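What follows is a short report on a single structure.
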Amino acid sequence: MFRYIRTLYPFLICCSVALLFPIGSAVAGEYWSVPSKIRGTIDSPLEATFELYIKNKRNRRVLSTTDRTSFVVYDISKNKKLVSINEDRQMMAASLIKNFVMLAYFHEVKHGRQAHTNTNRGHLRAMIQVSSNLSTNYFIRLLGGPARVDRILRSNYPYFKQTRIVEYIPAGGRTYRNMTSARDISTFFLRLWHGRLPYSQKMKWYFKLKNGDYIFKKTYIPSWVAVYNKTGTVYGLVGDGGILVLRDPQGKSRPYVFVGLMEDRTKTTYRNRWQSFANWRNQRTFILRRLSERAYKYIYENHYGGRLVRR
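If you're matching positions, the sequence shown starts at 1 in my numbering and goes up one per residue.
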């Protein structure tokens with residue numbers, strides 16, 4: 001009798017543990033349509049949606065094997081990250097570097113080493129709203145050159161780990177050497193929203209100016225959603241990052257961060273450019289807009305109980 005009990009005892013323990021933790025079956029059910037190879041890396045159903053969408057674009061050869069993608073979606077109100085895909089991957093910054101140039105400028109203003117003049121205000125507006133490379137180079141030169149701007153950031157904002165400023169923006173806008181990451185951009189906007197960067201309110205004003213974006217315009221996201229963003233585009237990189245502020249069914253503002261970067265470094269060489277720049281860019285901006293729609297829908301419906309009505 002005791003021998004039988006000793007034999008049965010491990011089996012009973014295993015069964016008891018299985019009954020205590022039914023979570024595994026729930027997760028498997030939640031991600032029933034996700035391949036097992038992907039499922040292990042998923043942090044949320046929204047991340048699963050992003051992964052499958054990108055995989056579909058690769059299978060259809062809209063994205064090539066040389067395309068690299070990075071995404072972050074972060075619900076500020078819930079203090080919850082919903083998508084984290086290759087966010088630490090260092091990528092070409094293109095015009096997204098202008099966020100950090102503006103930060104370096106306001107850092108110097110805060111410490112009395114620069115004056116916030118009308119001329120500088122005009123250049124800030126041009127740099128952020130219409131992505132003026134001339135105005136960007138104006139600030140890099142004003143602050144002492146690329147190495148000096150990079151030193152300001154690294155000495156005072158060490159949490160921007162993948163961001164590097166090493167060059168002025170060349171004639172024609174073909175800037176490939178300045179670097180950043182989806183994590184750094186999301187960190188930038190999160191700290192900006194919480195007022196943890198110098199002159200955060202002033203910077204938010206510039207980011208809210210109407211501009212060409214890839215995460216709001218030409219989407220079904222409602223027109224009343226506020227957007228604070230900056231794009232980056234060069235043949236080799238298409239990106240957009242910022243904060244979208246929706247209103248929940250009770251009318252309360254609910255901000256969230258969306259960052260999407262799509263890079264193909266082979267396109268920095270002319271012989272690898274078999275598409276026109278416009279076609280190559282438009283394929284990727286289309287992807288960013290569709291994923292931005294999915295992020296809005298998921299957050300609005302699943303976090304705040306709304307029901308999406310497309311415009």
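Beta carbons: idealized from backbone N, C-alpha and C, even for Gly. Small disclaimer: the values here were computed from a predicted structure and weren't measured.
If you compare alpha carbons, which of Asp264, Asp75 and Gly242 is closest to Ile128? Gly242
Counting C-beta neighbours from all protein chains within 10 Å, is the total for Val166 16 or more, i.e. buried, or is it exposed? exposed
Which residues in the same chain have their Cβ closer than 7 Å to the Cβ of Leu96, if we skip the five residues on either side of it in sequence? Thr180, Ile185, Lys230, Gly232, Gly239 and Gly241
Using DSSP bridges, identify the partner residues of Ser70. Leu261
Quick one: any contact between the segment 59-74 and the segment 262-279, if contact means 3 or more CB pairs under 8 Å? yes
Spell out the partners DSSP gives Lys230 in its beta bridges. Gly241
Considering only the beta carbon of each residue, do Pro255 and Ser77 sit closer than 8 Å? yes
Which ranges does the alpha helix (DSSP H) cover as unbroken runs of at least 4 residues, wholly within the segment 174-227, from first to last along the chain? 182-193 and 200-208
Would you check if there are 3 or more beta carbon pairs closer than 8 Å linking the segment 121-138 to the segment 184-199? no
Excluding the 5 residues preceding and the 5 following Met203 in the sequence, name in chain order all residues of the same chain whose CB lies nearer than 7 Å to its CB. Met102, Phe106, Leu192 and Leu197
Taking just the CA atoms, how far does Asn156 sit from Thr163? 13 Å
Check Val149 in the structure and name its three-state DSSP category. helix
List the endpoints of the continuous beta strand (DSSP E) containing Ser84. Lys80 to Ile85
Give the single residue among Asp213, Asn282 and Ala48 whose Cα lies nearest to the Cα of Tyr235. Asn282
Do Leu46 and Val83 have their CB atoms nearer than 8 Å? yes
By the DSSP assignment, the alpha helix (DSSP H) with Trp280 in it spans what residues? Phe277 to Tyr298
Does the beta-carbon of Asp88 have 16 or more other beta-carbons within 10 angstroms, so that it is buried, or is it exposed? exposed
Straight-line CA distance for Ser276 to Leu209? 29 Å
Just the Cα atoms here: how many angstroms apart are Gln114 and Leu153? 16 Å
On the DSSP letters alone, give me the boundaries of the alpha helix (DSSP H) that Glu167 sits inside. Careful: Glu167 lies outside any alpha helix (DSSP H) and carries neither H nor E.
Cut-off 6 Å between Cβ atoms - residues of its own chain near Arg177, not counting five sequence neighbours on either side: Val166 and Glu167
Going by C-alpha to C-alpha distance, which of Phe50, Arg307, Ile221 and Ala104 sits closest to Asn86? Phe50
Sequence-distant residues of the same chain with beta carbon closer than 6 Å to Tyr296, five excluded per side: Ile221
With a threshold of 16 other CB atoms inside 10 Å of the CB of Ala182, please say whether the residue is buried or exposed. buried
Alpha carbon to alpha carbon, how far is Leu246 from Leu124? Give it in angstroms, no decimals. 27 Å
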